[in-house]
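A.B. asks:
Protein chains in written order, with the working numbering: chain G, 16 to 316; chain P, 402 to 620.
(1) Any idea if residue 552 (chain P) is buried or exposed, counting beta-carbon neighbours within 10 angstroms, 16 or more meaning buried?
(2) For the alpha helix (DSSP H) holding residue 529 (chain P), just list the boundary residues, first then last.
(3) Going by DSSP, which residues form a beta bridge with residue 148 (chain G)?
(4) Can you check DSSP and say which residues form a bridge with residue 441 (chain P)?
(5) Where residue 246 (chain G) and residue 479 (chain P) are concerned, what is the direct C-alpha to C-alpha distance, given to the nearest angstrom?
(6) Confirm, please, whether the CB-CB distance from residue 571 (chain P) to residue 528 (chain P) is below 8 Å.
(7) Under the assumption that residue 513 (chain P) contacts residue 236 (chain G) (Cβ atoms under 8 Å), give the Cβ distance between them as a whole number of angstroms.
(8) Distance cutoff 8 Å, beta carbons only. Does residue 299 (chain G) sit that close to anything in chain P?
(9) Could you work out which residues of chain G lie near residue 516 (chain P), taking near to mean beta carbons separated by less than 9 Å?
(10) Name the residue from G:41, G:147, G:265 whose alpha carbon lies nearest to the alpha carbon of residue 156 (chain G).
(11) Threshold first: 4 residues or longer. Then list the alpha helix (DSSP H) segments lying entirely within the stretch 286-310 of chain G, N to C.
(12) Compute the Euclidean distance between the alpha carbons of residue 100 (chain G) and residue 280 (chain G), then round it to the nearest angstrom.
(13) Quick one: what does DSSP say residue 179 (chain G) is sitting in, helix, strand or coil?
(14) Run through DSSP, which three-state label would residue 163 (chain G) get?
(15) For residue 90 (chain G), name the three-state secondary structure that DSSP assigns.
(16) To the nearest whole angstrom, what separates the beta carbons of residue 379 (chain P) and residue 440 (chain P), a pair I think is in contact under 8 Å?
(17) Is DSSP giving residue 447 (chain P) helix, strand or coil here?
(18) Apply the 10 Å Cβ neighbour rule to residue 268 (chain G) and answer buried if 16 or more other Cβ atoms are within range, or exposed otherwise.
(19) Residue 488 (chain P) versus chain G: which residues are under 8 Å apart at the beta carbon?
(20) Anyone know if the C-beta pair for residue 435 (chain P) and residue 472 (chain P) falls short of 8 Å?
(21) Look at the alpha carbon of residue 470 (chain P) and the alpha carbon of residue 463 (chain P), and state the distance between them as a whole number of angstroms.
(22) In three-state terms, what does DSSP make of residue 205 (chain G)?
(23) Return helix, strand or coil for residue 224 (chain G), following the three-state DSSP convention.
(24) Is the shortest distance between the beta-carbon of residue 421 (chain P) and the beta-carbons of chain G less than 8 Å?
(25) Could you work out which residues of chain G lie near residue 461 (chain P), taking near to mean beta carbons separated by less than 7 Å?
(26) So, helix, strand or coil for residue 79 (chain G), using DSSP?
(27) Check residue 66 (chain G) in the structure and name its three-state DSSP category.
(28) Considering only heavy atoms of the ligand MN, does any lie closer than 7 Å to the CB of residue 605 (chain P)?
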């Protein structure tokens with residue numbers, strides 16, 4: 016496998032890539048990108064999930080998949096999907112259900128040199144305009160010559176692109192999967208922190224509206240600990256119900272689009288995580304509520 | 402019948418101010434009230450009588466001096482002790498009823514039982530009977546917002562008297578009431594004193610204050 020990383024706003028020119036494909040035994044050429052925005056709008060978003068599902072590729076031996084893809088429209092797309100996911104789990108079940116796909120797979124239509132555009136974290140995912148091109152040759156011993164031609168072509172075209180060292184397919188696959196996992200964790204962490212801050216903010220606003228209620232409860236005998244438990248429990252219940260509804264609607268939305276669905280244990284983990292973060296976020300408003308002075312809350316002169 | 406009010410409530414040279422630099426709201430006050438007695442705190446609005454009531458209710462801590470309730474200084478203990486004391490032995494009547502509009506009438510009366518460690522099995526029945534005795538004729542499931550002001554104050558009174566507290570603290574309990582409801586509230590409060598309870602009323606109603614065993618004028 017050859018990996019070419021183009022940075023800035025560079026994309027490999029169509030004629031260069033087309034020529035390379037013709038002159039060398041390129042089996043597949045795919046692009047990894049953190050955001051499909053780097054490609055022209057006309058090339059984005061035309062998913063080809065339906066033919067991929069019909070292919071049921073995972074149930075077939077790898078050799079058969081490569082030599083005779085079940086559908087002419089799915090070659091590179093399905094192959095890359097297999098490359099990136101075969102070590103994790105099968106891509107499609109026999110009845111065509113998509114499972115455990117890392118990244119979203121898009122058909123790039125008129126970008127003929129490219130078999131597939133895959134939305135997946137690139138090496139520099141903090142820069143959304145980075146594109147990684149991965150080229151698989153028919154014959155491994157052609158790699159050295161191909162690298163030379165490619166490097167010379169890029170230099171001649173004065174493109175901000177570099178050719179990385181050849182990499183084993185399995186290593187690339189593991190790397191992309193690891194990046195996906197890391198990206199998911201980062202997003203989950205950011206989401207969790209945001210959720211916690213939101214819960215705290217809403218809770219603090221809510222506690223200011225409930226001052227009289229908390230004051231009345233204190234007068235009638237509620238201890239500070241009782242109020243902390245009350246406010247925390249309310250927040251956790253709201254977060255639990257909200258996250259379950261949110262997860263359900265998100266999964267339904269993904270399913271309606273034909274996107275990859277997260278594993279049930281991932282969804283459950285997310286719900287539990289949100290609840291835990293909410294509990295932490297509710298601590299401050301709970302303490303504020305518990306510390307309310309009944310005399311002031313009930314407007315004693 | 403309340404029977405554990407021994408020691409009553411005693412304030413000895415109590416001073417309280419909301420901030421250290423300001424003039425104290427309560428200044429070097431000594432007063433005591435024993436079981437079966439009532440104390441009226443009389444004064445103009447803003448004079449500090451409600452503050453004194455809240456000192457006795459253990460919501461405010463004296464800046465200096467000593468406050469004992471049933472022979473014990475509750476500020477020597479933690480919040481849980483004082484909260485337990487309030488929920489199980491103190492009833493509180495607010496001027497504006499201060500009911501939870503999301504709960505039914507009956508649940509409002511039973512609210513203090515939420516904060517007690519134990520709850521009598523007959524608490525709901527007792528609360529319903531108390532509401533009827535106080536002339537609340539509305540269905541028990543009705544919300545406070547569906548009641549008149551007088552009916553709401555009766556519910557608040559029932560909440561204060563449910564569980565037969567040994568101390569009842571009332572902050573302008575007749576302030577906004579019609580004559581009939583006022584009389585009912587007065588009868589209920591002073592009737593409770595006859596059972597051996599302590600009643601402390603903050604009021605500017607001199608007729609009501611005159612019914613009390615003793616009065617403290619605050620200026």
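Backbone N, C-alpha and C define an ideal beta-carbon position, used for all residues, glycine too.
C.D. replies: So, from the data block:
(1) Translated into positions along the second chain, residue 552 (chain P) becomes position 151. Per the 10 Å Cβ criterion, buried.
(2) Numbered from its first residue, the second chain carries residue 529 (chain P) at position 128. 524-534 is the extent of the alpha helix (DSSP H) around residue 529 (chain P).
(3) For the purposes of this step, residue 148 (chain G) is identified with residue 133 of the first chain, where counting begins at 1. Paired residues: G:19, G:46.
(4) The residue given as residue 441 (chain P) occupies position 40 in the second chain. According to DSSP, residue 441 (chain P) bridges with P:602, P:616.
(5) Position 231 of the first chain holds residue 246 (chain G). Position 78 of the second chain holds residue 479 (chain P). Their backbone Cα atoms lie some 21 Å apart in a straight line.
(6) Locating residue 528 (chain P) in the second chain gives position 127, counting from the first residue. Locating residue 571 (chain P) in the second chain gives position 170, counting from the first residue. No. Outside cutoff.
(7) Locating residue 513 (chain P) in the second chain gives position 112, counting from the first residue. Locating residue 236 (chain G) in the first chain gives position 221, counting from the first residue. The pair is a contact, with the Cβ atoms about 5 Å apart (cut-off 8 Å).
(8) One-based indexing of the first chain puts residue 299 (chain G) at position 284. Residue 299 (chain G) does not count as touching chain P.
(9) Translated into the one-based positions of the second chain, residue 516 (chain P) becomes position 115. The contacting residues are 232, 235, 236, 237, 238, 241.
(10) Looking up residue 156 (chain G) in the first chain gives position 141. Closest by alpha carbon: G:41.
(11) 298-305
(12) Translated into the one-based positions of the first chain, residue 100 (chain G) becomes position 85. Translated into the one-based positions of the first chain, residue 280 (chain G) becomes position 265. Note that residue 100 (chain G) scores a pLDDT of 37, beneath 50, so its modelled location is shaky; the value from the coordinates is reported in the next line. Whole-angstrom Cα-Cα distance: 18 Å.
(13) Taking the first residue of the first chain as 1, we reach residue 179 (chain G) at position 164. Strand.
(14) Start at 1 with the first residue of the first chain, and residue 163 (chain G) comes out as number 148. For residue 163 (chain G), the three-state secondary structure derived from DSSP is helix.
(15) Position 75 of the first chain, counted from the start, is the residue given in the question as residue 90 (chain G). Here residue 90 (chain G) scores only 34 on pLDDT, less than 50, and its place in the model should not be relied on; the value that follows carries that caveat. DSSP places residue 90 (chain G) in helix when its eight states are reduced to three.
(16) In the structure displayed, chain P extends from 402 to 620; residue 379 (chain P) sits before or after that span and is not available.
(17) Stepping through the second chain from its first residue, residue 447 (chain P) is reached at position 46. DSSP places residue 447 (chain P) in coil when its eight states are reduced to three.
(18) For the purposes of this step, residue 268 (chain G) is taken as the residue at position 253 of the first chain. Per the 10 Å Cβ criterion, exposed.
(19) On the second chain, residue 488 (chain P) is found 87 positions in, with the first residue counted as 1. Residues of chain G passing the Cβ test: 235, 236, 237.
(20) The residue given as residue 435 (chain P) occupies position 34 in the second chain. The residue given as residue 472 (chain P) occupies position 71 in the second chain. Not in contact: residue 435 (chain P) and residue 472 (chain P) (Cβ atoms no closer than 8 Å).
(21) The residue given as residue 470 (chain P) occupies position 69 in the second chain. The residue given as residue 463 (chain P) occupies position 62 in the second chain. So the alpha carbons of these two residues sit roughly 13 Å apart.
(22) Taking the first chain and counting its residues from 1, the one referred to as residue 205 (chain G) is at position 190. In this structure, residue 205 (chain G) counts as helix in the three-state DSSP scheme.
(23) The residue labelled residue 224 (chain G) in the question sits at position 209 within the first chain. Residue state, collapsed to three classes: helix.
(24) Within the second chain, the letter at position 20 stands for residue 421 (chain P). By this cut-off, residue 421 (chain P) is not an interface position.
(25) Translated into positions along the second chain, residue 461 (chain P) becomes position 60. Within chain G, the residues near residue 461 (chain P) are 310.
(26) Working through the first chain from its first residue, we reach residue 79 (chain G) at position 64. The predicted model places residue 79 (chain G) with a pLDDT of 39, which falls under 50 and marks its position as unreliable, so this point remains unresolved.
(27) Translated into positions along the first chain, residue 66 (chain G) becomes position 51. With a pLDDT of 30 at residue 66 (chain G), under the threshold of 50, the modelled position of that residue is not reliable, and the figure given next carries that caveat. Per DSSP, reduced to three states, the secondary structure at residue 66 (chain G) is helical.
(28) The ligand MN is not part of the structure shown, which contains no ligands of any sort.
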